[in-house]
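Reading through the structure tokens given below for one structure.
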Amino acid sequence: MKRLAALACLIALCASCSSSPPIRPPPPSPSPTVATKTFPVKGHPTAITADASSVWFTDDLGDSLARVDATTAKEIWRTKICKAAPAIVRVRGVLWMVCSLDNVLMRVDAATGKLLGKIKTGGNPVDVTYGFGSVWTANLKDKTVTRIDEKTTRATATIKVSQGVVRVSAGHGAVWVTGESNTVNRIDPKTNALTGTPITVGSGPLGIDASRRPRLGHRCAVADGVRSSHRRRRRHHDAARSDARAHHVERLVRVDRR
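Using our numbering, read the sequence shown as starting at 74 and increasing by one per residue.
This is how it looks when you write it as structure tokens:
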């Protein structure tokens with residue numbers, strides 16, 4: 074009996090001392106997007122920007138730009154602009170939008186709808202972003218990015234991107250450009266030149282966001298049309314490491330800037 078009791082104590086002691094690997098919590102699920110209100114508007118909304126009181130959108134059907142009340146959806150003003158305005162950005166009370174067929178960047182007063190001017194861009198501008206005191210347009214046909222000074226409203230640089238240009242976003246010390254070759258390139262705003270090695274992402278990148286949002290942290294997010302996964306890129310490494318996790322709808326590639 075004594076031997077059995079001693080053996081039982083030894084087994085219990087070994088079990089209490091054994092170290093088991095820590096259980097990793099499951100990855101967080103994305104928060105569902107819930108529509109809180111839906112209201113009809115005139116035309117065919119294409120590009121959109123908003124604040125707490127107003128929503129501005131380009132209308133491909135009416136070749137116009139409209140401002141509506143964010144609560145009631147009542148139209149405040151509507152201004153004729155151009156055909157095919159696929160992207161818009163709002164900076165300090167001014168709306169900047171690209172006109173793909175006219176190869177120009179238009180400026181409109183966000184409060185009144187008054188046209189402030191036009192700036193020539195590269196061929197077929199399809200996206201626009203703001204950062205580092207400038208507005209940047211992605212020019213699909215030319216495979217270039219045009220930089221326009223916010224204060225002087227003059228083009229100060231044209232950057233060639235051989236991998237192609239689809240979408241553009243500024244943040245975290247660089248201007249990030251998705252390309253037709255399933256890559257992301259970085260432009261140094263200090264030199265107006267490409268920097269580093271192109272980062273390979275998923276097939277058909279559809280959008281990019283380098284803004285400083287809490288959910289993204291120190292990352293640049295790229296959405297493509299394949300499936301959902303995550304990639305991180307360290308500052309001193311040119312190759313992206315993949316941490317594949319995924320679902321079936323689209324991919325979100327996060328490029329680490331820390």
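Ideal Cβ positions, reconstructed from N, Cα and C, are used throughout, including at glycine.
**Item:** Reference E223; option with closest CA among F205, I149 and H245
**Value:** F205
**Item:** Rounded Cβ spacing between K193 and A228 (contact assumed at less than 8 Å)
**Value:** 7 Å
**Message:** Please classify R140 as buried or exposed, where buried requires at least 16 other C-beta atoms within 10 Å of its C-beta.
**Reply:** buried
**Prompt:** Got a sec? Which residues, its chain only, sit under 8 Å from P159 by beta carbon, not counting five neighbours each side?
**Reply:** T119, A120, T131, V171, S173, V199 and D200
**Request:** For T29, collect the residues of the same chain with a Cβ closer than 8 Å to its Cβ; drop the 5 residues on either side in sequence, then sort them by chain order.
**Result:** As displayed, the chain neither begins before 74 nor continues past 331, which places residue 29 out of reach and without an answer.
**Asked** Per DSSP, what kind of secondary structure is T145 in: helix, strand or coil?
**Response** coil
**Prompt:** DSSP three-state call for A183: helix, strand or coil?
**Reply:** coil
**Item:** Spatial distance of P271 from I281 (CA atoms)
**Value:** 15 Å
**Message:** Bridge partners for T219 per DSSP, in chain order?
**Reply:** T210 and T231
**Message:** Tell me the rounded alpha-carbon separation between V167 and T225.
**Reply:** 14 Å
**Where the beta strand (DSSP E) through N258 begins and ends** = T256 to D261
**Request:** Please report how far the alpha carbon of I149 lies from the alpha carbon of L189, in whole angstroms.
**Result:** 18 Å
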